[in-house]
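See below for the structure under consideration.
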Amino acid sequence: MSRTKRVAVTSPQTRLARSRRLERGRWRMPRLRAPEAERAAVLYRIQRRRGIPALVAMFVLVLGLPVLFSLAPSLDSVRLWGIPLSWLLIAVLPYPVLAGLSWWQLRRAEKTEDDR
Numbered sequence: 015m016s017r018t019k020r021v022a023v024t025s026p027q028t029r030l031a032r033s034r035r036l037e038r039g040r041w042r043m044p045r046l047r048a049p050e051a052e053r054a055a056v057l058y059r060i061q062r063r064r065g066i067p068a069l070v071a072m073f074v075l076v077l078g079l080p081v082l083f084s085l086a087p088s089l090d091s092v093r094l095w096g097i098p099l100s101w102l103l104i105a106v107l108p109y110p111v112l113a114g115l116s117w118w119q120l121r122r123a124e125k126t127e128d129d130r
């Protein structure tokens, strides 16, 4: 009966991370040339500034729901398909809104990169 040798299959990134750990001093982050570094810095600042509305919208959604429920406790008595509306708003509403918000922000970031 012949036995085959077992081989561990890992991601190339895993092998790279392990080799970096073993050879700490050798690997360095590649440096950008001056024009590329300036462009990257400008893009970073613009995208950071353009990300603020998406971040504010996320916080308004996540923190606004509990405020809404405290201001309108009657939402607990409203039922849709036998489930309190407040539960549906907490369990269902945030996910598609956050997915749409992330899609919107991604498109804005890509547009910024294409324009520059």
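Using this note's numbering, the first residue of the sequence shown is number 15, and each one after it goes up by one.
Ideal Cβ positions, reconstructed from N, Cα and C, are used throughout, including at glycine.
Separation of the CB atoms of ARG59 and THR126 is rounded to 10 angstroms, and the pair is thereby denied contact status at 8 angstroms. In the structure shown, LEU107 adopts coil according to DSSP, grouped into three states. Counting only unbroken stretches of 4 or more residues, no alpha helix (DSSP H) element lies wholly within the stretch 49-90. SER84 sits exposed, since fewer than 16 C-beta atoms from the chains shown fall within 10 Å of its C-beta. In the three-state reduction of the DSSP assignment, LEU46 falls in the coil class. ARG17 sits in coil when the DSSP states are folded into three classes, being neither helix nor strand.
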